[in-house]
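Following: one structure in structure tokens, then a few remarks.
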Amino acid sequence: MTAQLDIDQLLDELETGLRQVLSGRGIDAPLLIGIRTGGVWLADLLSKRLGLKTPYGELDISFYRDDFSRIGLNPRVKPSSLPFDTEGQDIVLIDDVIMSGRTIRAAMNEIFDYGRPDSIILATLVDLGARELPIQPDVVGRSLTLAADQRVKLRGPDPLRIEVQGGSA
Numbered sequence: 001m002t003a004q005l006d007i008d009q010l011l012d013e014l015e016t017g018l019r020q021v022l023s024g025r026g027i028d029a030p031l032l033i034g035i036r037t038g039g040v041w042l043a044d045l046l047s048k049r050l051g052l053k054t055p056y057g058e059l060d061i062s063f064y065r066d067d068f069s070r071i072g073l074n075p076r077v078k079p080s081s082l083p084f085d086t087e088g089q090d091i092v093l094i095d096d097v098i099m100s101g102r103t104i105r106a107a108m109n110e111i112f113d114y115g116r117p118d119s120i121i122l123a124t125l126v127d128l129g130a131r132e133l134p135i136q137p138d139v140v141g142r143s144l145t146l147a148a149d150q151r152v153k154l155r156g157p158d159p160l161r162i163e164v165q166g167g168s169a
């Protein structure tokens, strides 16, 4: 069974929370970086909603995963693209779903290979908890608790939609 969540409501929550965090930290020109694939779609939307002039960056963390030797390389790996210098910058790292924290750890490792930012704000559309690493998002569209047989999947980019798959919900 598949249930859809209201993507517009989640995006509104994410945007509102991000604006509050940026304002609270005095950041008026953040650089957005999306983690492929869903995070890139979200970075595109948030960049437009926030009226940012600097293009957003795209990370493919495949080479930075801690399970790379176990799962192998995804055949669709593309190089990351950061059209700006990260050194001394305020970065907003965006992913669609956070669960264990391992994807975010890999993304931060890659960002630091480009330079040392002043700060990294983590924004995720959905937080599933279940951390294996002590990494928490600063901004979340929604926190969900799923049954063991359920998964969340962001589909898109046009139309963008988020689905809860499996289970009896």
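1 is the number of the first residue of the sequence shown in UniProt numbering; add one for each residue after it.
Glycine is no exception: its CB is placed at the ideal position from the N, C-alpha and C atoms.
| Query | Result |
| --- | --- |
| Residues near glutamate 15 by beta carbon distance below 6 Å, same chain, minus five either side | Arg49 |
| Distance between leucine 18 and glycine 51 (C-alpha atoms, nearest Å) | 13 Å |
| Cβ neighbour criterion (16 or more within 10 Å) applied to isoleucine 71 | Note that isoleucine 71 scores a pLDDT of 49, beneath 50, so its modelled location is shaky; the value from the coordinates is reported in the next line. Exposed, by the Cβ-count rule. |
| Residue environment, alanine 107, which counts as buried when at least 16 other CB atoms sit within 10 Å | buried |
| Where the alpha helix (DSSP H) containing aspartate 44 begins and where it ends | 38-50 |
| Among Ala130, Pro134, Leu125, Glu110, nearest to glycine 141 - alpha-carbon criterion | Leu125 |
| Closest residue to isoleucine 91 among Ser81, Pro79, Ile111 (Cα-Cα distance) | Ile111 |
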